[in-house]
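Protein chains in written order, with the numbering used here: chain D, 25 to 275; chain E, 13 to 601; chain R, 342 to 456; chain X, 45 to 179. A virtual CB, placed ideally from N, CA and C, is assigned to each residue, including glycine. Quick caveat: nothing in here was measured; it's all calculated off a predicted structure. Okay, structure first, notes after.
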Amino acid sequence: MTETVTVRVQRYRPEEDTAPWEQSFEVPYSEDLSILDALNQIKDQQDPTLSHRWSCRMAICGSCGVMVNNEPKLSCKTFLRDYREQAAVTVRALDNFPIERDLVSDISGFIDHLETVQPWLIRSEEQPVSAGAYPQTPEQMQRYAAFSQCINCGLCYAACPQFGRDPAFLGPGALALAQRYNLDSRDEGAAQRMQWLNAGEGVWSCTFVGYCSEVCPKDVDPAAAINRGKVASDINYAVNLLNILRGKDDA
Amino acid sequence: MDVRQADIVIVGGGGAGLRAAIAAAEANPQLDILLLSKVYPMRSHTVAAEGGCAGVIQPHDSLDAHFDDTVSGGDWLCDQDVVDYFVRHATEENLRLEHWGCPWSRKPDGSINVRAFGGMKIERTWFAADKSGFHILHTLFQTSLKYPSIRRCDEYFCTDLLLEGGACAGIQAIDMRTGSHTLIAASAVILATGGAARVYRYNTNGGIVTGDGMALAYRQGVPLRDMEFVQYHPTGLPGSGILITEAARGEGGVLTNRDGYRYLQDYGLGPETPLGEPKNKHMELGPRDRLSQAFWHEAQAGRALATSRGEAVNLDLRHLGEARINERLPFIRDLARTYVNVDAVHEPIPVRPTAHYTMGGIQTDRYTATALSGLFAAGECASVGLHGANRLGSNSLAELSVFGRVAGEQAAARASQGPSVDPQRLLARAQDNAAVWEALRESTGNERLATIRDEMARAMEDGAGIFRLPGQMRQTCTKVAELKDRYSDLGLVDRSRAFNTEWLNAIELGYLLDVAEAMAHAALARQESRGSHQRPEDFPQRDDAQFLKHSLVYRAADAPRLDWQDVVITRSQPAERHYGAAGQQENKS
Amino acid sequence: MRRSHEPVAWSLFGAGGMLLAFIGPGLVLTTALLPWLAADDPQATHAAIGALLAHPLGKLLVLACVALPLFHTLHRIYHGLHDLHLPAPRLPLQLLCYGGATLLSAVTGWWLLQV
Amino acid sequence: MHKPYIQRQRADWWLRNPAYRRYMLREATALPLFLYTLLLMSGLFQFTRGEAAFLQWLEMLRSPWLLALHGLALAAALFHAVTWIALVPKILVIDTDRLRVSPAAVKLAHQVGAVVCNAGLLLLAVLLLRAAAGN
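Quick look at the structure:
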């Protein structure tokens, strides 16, 4: 008899169900088995109607985010061995996103937010490629390095109660990406991106719960990015106020 | 059926597809460009490339040296005009990525840093720590958002190319959210769907790497070229096959067998280099085909380690020290810790060769045009003639930019000449196609999807692996034919439409079987040993007289039809490939 | 997207938070012990506090110790009520919390001027 | 057909995860600290009304209710100080070409500063009141 583990999987089939429900499976245990392996085992051997996203199985493509026992996790980087003490492992679709089906979340809101913050290098004057690389020392790179590690998996959005309350909040991933460019010594677009940080849907929806940074599988620390953004937005607010008092236009 | 129109449709949102989209948008901002992918672009498998991206930049390096390394690395099966174009544009493309924000690792003075890579005589591999592909892909994706003319269809699964008057006039796809069919007419179609190493059981590839574009083209009579050449990456994690970058060796990591012996010196790659002093084109920095083959011999001789995850050798990084590992190889450290419970700072990482890259693909000319007018292909799904019989590490990321851009510009030129075909003229055919896919969704046959997939993967490992033995190769051809037959008796369980991944996996399996068929038959037809295609029993030698040719596989009713195409040779005549001391000797002479 | 005026509230919240971290526990302990510390000679304590409040800097210090914690705590209470799904529209709640903090601070300032 | 299931946040979301409970506890420190501030205000008010009123207020501080409030406020202030300073290095980043201070050093500086300030305040109050009483 091989040892098995009970995996309870959330199901939601939009064509049949009005609300999600839970289905139990017994999966043969092994030391190396990830939650993703377990889901694939279920799909291949037990119930082919289970739908979940996955691809790289090495925690870099960002496809396979799910809630494992109520915590946002990459299923490929989470192992059954870490849940052996518990009676069962429960796998659900990511919190705070609409559920397309089973474990597949609708992350389009998050992607829209990413696109909003102008996440590309902005230069006042574009240098021709023939002029060579823009210089950047390792120290300068270090200033934005962590914020450039985001794999867009959406775990931070599932962890963020403010995004859960109001999906218009640009959220941890998008704001960290804005800061990734703002802090890049080659970029000159911080002033343009300021409008997104300044908004109520920008950094000011954040109450520094900090759970986004705890669940981030790539140590991006989006909470730090947002709260440094608050300082920047704060200064921007004061400068703008001074300009208005001096009779200049609202920037 | 949802009916749409665009000027250019790009299938695949990885490095090549995104670069093509940007190039097309820059070439003609008036064009309506549709980037369609079965995953969000940043999920594409470019993301998993680790080591780096080639481009000559050091003063003592030269385009000729990069050319020579690539051509000899490819065992002279590269089209040399293509290689010339490639080496001339790789650096420019890397710089453009830099200008778009790609965080290439730097020297202390702020200039671009480069590292050593296998088969490269001089360090010319640009890198972003050990997440080069990740940074390239995200840079391209984010940059693509700048262009309003690039629209995206995320999570649309391409099922067919649509032809009109002998030219490619559009595609059709399934909207994965709803399961509905969409027809998109376009003046030009670019396939950028990546590789197909998922035909193998142990591979470094993501689950999405299922040869879709290759099969789509193949089904329309476009030949697949050099499909017998499949690269085994010498260092994947045992069990999962997860990639451990060549940069681990470029930075100085060494491979040892069960006895702690650096066995590569026994396979024409020596003499042994001192620890911590990696030498270009020696030992661990030999080309991938040679290293994977050496592992096979070691395992045959019983000198591999037996691990709970299967046979392996040790990749030892310990002498690099924690600081350098954290700076240059942080992802490798994380992967080893997560997936084999090894901290590379204190223990060697067990590794073994796993299927990694398809050198071959959809035949294109040097301008990325396929045999089908209106259809272009770039990236791993294409065979532009760059890699020959064995790709050098870090050439493929550069290929994405160099030829992705060419494809975008070529497609833009074509699309600028005139509007696409009226989609209504494609509708009847698209509806017929849709009916076939609907029948598959409702299929009630006796065969199970996972069974066929696993049997295929095992058969390919047996008959089209690192070493190819005549009996097994023939068996694999027969097996794939049998599996294709059984595939038509597939039974699916899921009848729904919304995100029906069983249905989509079944379509992917059809693609995989087509690609497997092309690989197995091309391998059988190439009666020589060259690069990654090794037949030690029946044809152990390279045979330039007969096989200095590209293989072409055409789809046919029973078994595929084989043909051959001359290799373009401009200035480098085929010679023997030498690495290690022998290579150095040759350089001096 | 429109510019938020949250920076005003956040600056005051932040200043209050920093102040509370640096002197909050000390201040609470001081007033907790005050009746006992002053037990020997309560009048002298009154006089000492009077001296502090007589000085403009002393007034400013006391104002900071009251106003900033008010803005800090009411900011947190406002967001906390929102987090708890208090079924109230934002504006009246904002008026109550930030208006309250402003009003109480003004009263404190007025009292200080009386001393 | 496209019919995603919309997950709505429940009012008790913060009970369901230890990280959220810690957050709510941190935010809840504001309650006793707010009440404590009101107490300070009442002391000031009594002071404006004259010595007798102030001395009465001083006596009132001995009541068990107000001692309990002090206890609660002290716990809140300590928890606030610890959690606040833990987050400072994420907001206050000193990393320019001329000056770099590591996050750990920023945190340590704040911790040391807070201990010194709090202890100093208490010590100062005790000494001043002693000196005043001695005169």
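Next on the checklist: Do Leu207 of chain D and Thr140 of chain D have their beta-carbon atoms positioned less than 8 Å apart in this structure?
Outcome noted: One-based indexing of the first sequence puts residue 140 of chain D at position 116. One-based indexing of the first sequence puts residue 207 of chain D at position 183. Not in contact: Thr140 of chain D and Leu207 of chain D (Cβ atoms no closer than 8 Å).
When the Cα of Leu47 of chain E is compared with those of E:Ile254, E:Thr205 and E:Leu409, which residue comes out closest? By one-based count along the second sequence, residue 47 of chain E stands at place 35. Ranking the options by Cα distance to Leu47 of chain E, first place goes to E:Thr205.
- Per DSSP, Glu323 of chain E forms a beta bridge with which residues? Position 311 of the second sequence, counted from the first residue, corresponds to residue 323 of chain E. In DSSP, Glu323 of chain E forms a bridge with E:Ala318.
### Message
I'd like the ranges of any beta strand (DSSP E) spanning at least 3 consecutive residues and lying wholly in the region 225–273 of chain E.
### Response
242–248 and 266–268
**Q.** Proximity below 8 Å, CB of Ala381 of chain E to CB of Gln436 of chain E
**A.** Indexing the second sequence from 1 puts residue 381 of chain E at position 369. Indexing the second sequence from 1 puts residue 436 of chain E at position 424. No; because the gap between Cβ atoms is not below 8 Å, this pair is not in contact.
* chain E contact residues for Gly86 of chain D, given Cβ-Cβ distances below 9 Å -> For this step, residue 86 of chain D is matched to residue 62 along the first sequence. Within 9 Å Cβ-Cβ: Tyr52, Met54, Arg55 and Val59.
Among E:Arg127, E:Asn292 and E:Gln184, which has the Cα closest to the Cα of Ala18 of chain E? To locate residue 18 of chain E, count along the second sequence from 1; it is residue 6. Selected option, being the one with the closest Cα: E:Gln184.
- Query: Quick one: does Arg106 of chain X have its CB under 8 Å from some CB of chain R?
  - Reply: In the fourth sequence, the residue the question calls residue 106 of chain X occupies position 62. Cβ-Cβ to chain R under 8 Å: yes for Arg106 of chain X.
| field | Alpha-carbon spacing of Ser601 of chain E relative to Ala594 of chain E, whole angstroms | value | Indexing the second sequence from 1 puts residue 601 of chain E at position 589. Indexing the second sequence from 1 puts residue 594 of chain E at position 582. Because Ser601 of chain E carries a pLDDT of 49, less than 50, the predicted location of this residue cannot be relied on, and the following value inherits that uncertainty. The alpha-carbon atoms of Ser601 of chain E and Ala594 of chain E are separated by roughly 11 Å.
Roughly how many whole angstroms lie between the Cα atoms of Ile124 of chain E and Pro397 of chain R? As a working mapping, residue 124 of chain E is identified with position 112 in the second sequence. As a working mapping, residue 397 of chain R is identified with position 56 in the third sequence. Approximately 59 Å, taken between the alpha carbons.
- prompt: Nearest CA to the CA of Trp220 of chain D: which residue from D:Asn260, D:Glu124, D:Ser154 and D:Asp130?
  reply: Here residue 220 of chain D is taken as the residue at index 196 of the first sequence, counted from 1. For the residues D:Asn260, D:Glu124, D:Ser154 and D:Asp130, the minimum Cα distance to Trp220 of chain D belongs to D:Asn260.
Handout entry: chain X contact residues for Thr371 of chain R, given Cβ-Cβ distances below 7 Å
Key = In the third sequence, the residue the question calls residue 371 of chain R occupies position 30. The answer, in chain order, is Leu165, Leu166 and Ala169.
message = Do Ala192 of chain D and Pro143 of chain D have their beta-carbon atoms positioned less than 8 Å apart in this structure?
response = Taking the first sequence and counting its residues from 1, one reaches residue 143 of chain D at position 119. Taking the first sequence and counting its residues from 1, one reaches residue 192 of chain D at position 168. In this structure, Ala192 of chain D does not lie closer than 8 Å to Pro143 of chain D by Cβ.
Between the Cα of Gln487 of chain E and those of E:Arg498, E:Ser500, E:Met468 and E:Asn217, spot the shortest distance and give me the residue it belongs to. To locate residue 487 of chain E, count along the second sequence from 1; it is residue 475. When each option's Cα is compared against that of Gln487 of chain E, the closest is E:Met468.
- What span of residues does the beta strand (DSSP E) with Val90 of chain D cover, start to end? For the purposes of this step, residue 90 of chain D is identified with residue 66 of the first sequence, where counting begins at 1. First-last of the beta strand (DSSP E) with Val90 of chain D: Gly89 to Val92.
| query | According to the Cβ coordinates, are Cys100 of chain D and Arg55 of chain E closer than 8 Å? | reply | Residue numbering aside, residue 100 of chain D sits at position 76 when the first sequence is read from its first letter. Residue numbering aside, residue 55 of chain E sits at position 43 when the second sequence is read from its first letter. No, they are not a contact pair.
Which residue's Cα is closest to the Cα of Leu173 of chain E: E:Asn445, E:Phe551, E:Gln577 and E:Thr490?
Here residue 173 of chain E refers to the residue found at position 161 of the second sequence. Closest option to Leu173 of chain E, Cα to Cα, is E:Asn445.
Open item on the list: Quick test of your reading: Pro38 of chain D and Val505 of chain E, contact by CB under 8 Å. State the CB separation rounded to the nearest angstrom.
Closed with: One-based indexing of the first sequence puts residue 38 of chain D at position 14. One-based indexing of the second sequence puts residue 505 of chain E at position 493. 17 Å between Cβ atoms; not a contact.
- Which residues in the same chain have their Cβ closer than 8 Å to the Cβ of Glu3 of chain E, if we skip the five residues on either side of it in sequence? This structure gives no information on residue 3 of chain E, because the portion of chain E shown stretches from 13 to 601.
DSSP on Thr463 of chain E, reduced to helix/strand/coil?
For the purposes of this step, residue 463 of chain E is taken as residue 451 along the second sequence, with counting starting at 1. Note: Thr463 of chain E maps to helix in three-state DSSP.
(Q) Between the alpha carbons of Phe98 of chain E and Pro286 of chain E, how many angstroms are there, rounded? (A) Stepping through the second sequence from its first residue, residue 98 of chain E is reached at position 86. Stepping through the second sequence from its first residue, residue 286 of chain E is reached at position 274. Each residue's Cα considered, the two are about 34 Å apart.
Judging by CA-CA distance, which residue of E:Arg302, E:Thr490, E:Glu459 and E:Leu329 is the nearest neighbour of Pro290 of chain E?
Within the second sequence, residue 290 of chain E is the residue found at index 278, counting from 1. Of E:Arg302, E:Thr490, E:Glu459 and E:Leu329, the residue nearest in Cα terms is E:Leu329.
- Query: Which whole-angstrom value is the C-beta distance of Met472 of chain E and Val234 of chain E, which I expect to be below 8 Å?
  - Reply: For the purposes of this step, residue 472 of chain E is identified with residue 460 of the second sequence, where counting begins at 1. For the purposes of this step, residue 234 of chain E is identified with residue 222 of the second sequence, where counting begins at 1. Incorrect: roughly 22 Å between the Cβ atoms, too far for contact.
Practice prompt. Could you tell me whether any Cβ in chain E is nearer than 8 Å to the Cβ of Ala202 of chain D?
Written response: Looking up residue 202 of chain D in the first sequence gives position 178. Closer than 8 Å: no.
Going by DSSP, name the residue or residues bridged to Tyr369 of chain E. By one-based count along the second sequence, residue 369 of chain E stands at place 357. E:Gln243.
Note down, in chain order, every chain X residue with its Cβ under 9 Å from the Cβ of Asn222 of chain D. On the first sequence, position 198 is the one that residue 222 of chain D refers to. Within chain X, not a single residue places a beta-carbon under 9 Å from that of Asn222 of chain D; the smallest gap is close to 17 Å.
### Message
What does the alpha-carbon distance come out to for the pair Val349 of chain R and Ala262 of chain D?
### Response
As a working note, residue 349 of chain R is residue 8 in the third sequence. As a working note, residue 262 of chain D is residue 238 in the first sequence. Here the alpha carbons of Ala262 of chain D and Val349 of chain R stand approximately 9 Å from one another.
The alpha helix (DSSP H) with Ala178 of chain X in it runs from where to where? Working through the fourth sequence from its first residue, we reach residue 178 of chain X at position 134. According to the sequence provided, residue 178 of chain X is Gly. The question's Ala does not apply to it. Unbroken alpha helix (DSSP H) run through Gly178 of chain X: Pro147 to Gly178.
Fill in: Where Thr414 of chain R sits in the DSSP three-state scheme
Stepping through the third sequence from its first residue, residue 414 of chain R is reached at position 73. Three-state DSSP puts Thr414 of chain R in a helix.
Same chain only: Cβ atoms within 7 Å of Pro41 of chain E, ignoring 5 sequence neighbours per side: As a working note, residue 41 of chain E is residue 29 in the second sequence. Same-chain partners within the cutoff: Ser161.
Checking contacts by CB at 8 Å: is Asp68 of chain D closer than that to chain X?
The count along the first sequence starts at 1 and reaches residue 68 of chain D at position 44. Asp68 of chain D does not count as touching chain X.
**Asked** Where do the N-terminal and C-terminal ends of the beta strand (DSSP E) with Leu387 of chain E fall, by residue?
**Response** By one-based count along the second sequence, residue 387 of chain E stands at place 375. Leu387 to Ala389 is the span of the beta strand (DSSP E), which, as asked, contains Leu387 of chain E.
* Establish whether the CB of Met359 of chain R and some CB of chain D are separated by less than 8 Å. => Sequence index remark: in the third sequence, residue 359 of chain R carries index 18 (1-based). No, because no Cβ of chain D sits closer than 8 Å to the Cβ of Met359 of chain R.
Problem - Selection from E:Val580, E:Arg441 and E:Thr82 that minimises the alpha carbon distance to Ala410 of chain E - result: Reading the second sequence from its first residue, position 398 is the one you call residue 410 of chain E. Closest option to Ala410 of chain E, Cα to Cα, is E:Thr82.
I need the boundaries of the beta strand (DSSP E) containing Cys177 of chain D, first residue and last residue. Start at 1 with the first residue of the first sequence, and residue 177 of chain D comes out as number 153. No beta strand (DSSP E) holds Cys177 of chain D; DSSP gives it neither H nor E.
Next on the checklist: Using C-beta distances below 7 Å, list every residue in its chain close to Leu409 of chain R, excluding the 5 sequence neighbours before and after it, in chain order.
Outcome noted: Your numbering for residue 409 of chain R matches position 68 in the third sequence. Once the five neighbours on either side are set aside, the close Cβ partners of Leu409 of chain R are Leu353, Ala356, Gly357 and Leu360.
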